[in-house]
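In terms of the numbering used here, the sequence shown opens at residue 38 and continues consecutively.
In this text, a Cβ means the ideal position worked out from N, Cα and C, and glycines have one as well.
A quick note: this is a predicted structure, and the numbers were derived from the prediction, not measured.
Here is the structure we will look at.
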Amino acid sequence: MEQNNSADLLLVIDMQNVYTKGQEWACEGVEAASASILRLLNSRMPEQVIFTRYLAAEHPEGVWKEYNEMNAAINADAWLNEMMPEFLPWVKTHPVYTKNVYSSFAVPEVVKAAKKARRLVISGVVAECCVLSTVLSAIDAGCKVIYLTDAVAGLNEASRTETEKIVSYFAPLHTELMTTEEYLTHSKPLL
């Protein structure tokens with residue numbers, strides 16, 4: 038693996054309007070996760086940040102055809118697919134990559150940056166779909182994953198907790214679970 042950077046990479050997964058309260062794909066606790074992510078961004082730690090967003094593929098393959106047909110109204114709504122308003126200033130100054138599957142590792146630029154980082158710091162939605170798929174892909178790619186428990190939201194508390202449990206099975210070698218506070222307190226940049 039090409040790890041040559043002493044800096045961590047914060048990956049902010051799919052913080053789009055469709056996951057906010059009152060929307061069809063609303064994630065329980067998304068407001069708290071958003072606040073934790075904003076705290077990280079404002080702290081400037083990690084220095085490297087990448088955002089991803091899910092947009093339906095124009096020509097999906099396999100079961101993604103059915104998935105996109107079932108969710109056609111959501112896919113067609115530009116506002117639902119936009120990043121949440123609190124992240125708009127940040128996406129103007131940091132890369133935003135579009136994916137049309139669950140894993141952010143479907144984006145070559147994400148894989149390249151993650152492999153160069155000291156650690157990949159995971160945040161965003163949906164815990165049991167895009168976040169978990171990304172974590173497993175990152176592990177397979179040889180990345181050390183920091184999973185921020187309070188910066189991730191799921192469809193409900195039970196599925197979010199179960200996802201944390203799955204991620205914890207890969208600790209301590211592949212993953213480390215912590216809160217945003219723990220990360221900021223114990224993860225000083227290497228000089």
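Alpha carbon of residue i to alpha carbon of residue j, nearest angstrom
i             : j              : result
methionine 38 : alanine 150    : Per-residue confidence for methionine 38 stands at a pLDDT of 46, beneath the threshold of 50, marking its modelled position as unreliable; no derived number is given.
alanine 94    : serine 71      : 26 Å
tyrosine 220  : proline 97     : 38 Å
glutamate 123 : methionine 52  : 10 Å
serine 205    : arginine 197   : 12 Å
asparagine 54 : serine 43      : 33 Å
lysine 181    : threonine 57   : 29 Å
valine 133    : leucine 78     : 15 Å
isoleucine 74 : threonine 216  : 11 Å
valine 26     : methionine 107 : Because the chain is modelled from 38 through 228, residue 26 falls outside the range shown and cannot be assessed.
tyrosine 184  : threonine 200  : 11 Å
threonine 212 : alanine 109    : 35 Å
aspartate 48  : arginine 155   : The question names aspartate, but residue 48 is leucine in the sequence shown. C-alpha separation (whole angstroms): 13 Å.
lysine 153    : glycine 179    : 11 Å
leucine 117   : valine 148     : 26 Å
Own chain residues within Cβ distance below 6 Å of residue i, not counting five before or after
i             : result
valine 128    : Phe88, Met120
alanine 190   : Cys64, Gly66, Val67, Ala70, Val162
alanine 143   : Lys136
glutamine 85  : Ala44, Leu46
alanine 188   : Ala70, Ser73, Ile74, Ser160, Thr217
tryptophan 62 : Val55, Tyr56
Span of the beta strand (DSSP E) around residue i
i          : result
lysine 136 : 133-136
Bridge-paired residues (DSSP) for residue i
i              : result
isoleucine 50  : Thr89, Gly161
glutamate 65   : Gly191
tyrosine 184   : Ile159, Leu214
methionine 120 : Gln53
Span of the alpha helix (DSSP H), counted from its first residue to its last, around residue i
i            : result
leucine 221  : 217-223
tyrosine 104 : 100-107
proline 145  : 145-153
alanine 175  : 169-177
Contacts around residue i, its chain only, beta-carbon distance under 7 Å, and the 5 residues preceding and following it disregarded
i           : result
leucine 228 : In this predicted model, leucine 228 has a pLDDT of only 40, less than 50, meaning its place in the structure is not dependable; the value taken from the coordinates is given anyway. Same-chain partners within the cutoff: there are none.
alanine 195 : none
arginine 76 : Thr217
leucine 214 : Tyr184, Thr186, Glu201, Val204, Ser205, Ala208
Which listed residue (the options) has its alpha carbon closest to that of residue i
i              : options                        : result
threonine 171  : Ser80, Arg90, Glu218           : Arg90
glycine 59     : Pro145, Ser174, Tyr139, Leu192 : Leu192
asparagine 177 : His223, Cys166, Ser140         : The question names asparagine, yet the displayed sequence has aspartate at residue 177. Comparing Cα-Cα distances from aspartate 177 to each of His223, Cys166, Ser140, the minimum goes to Ser140.
Close-in-space but distant-in-sequence residues of the same chain around residue i (CB under 8 Å, 5 per side omitted)
i              : result
asparagine 105 : Ala93, Ala94, Pro97, Asn112
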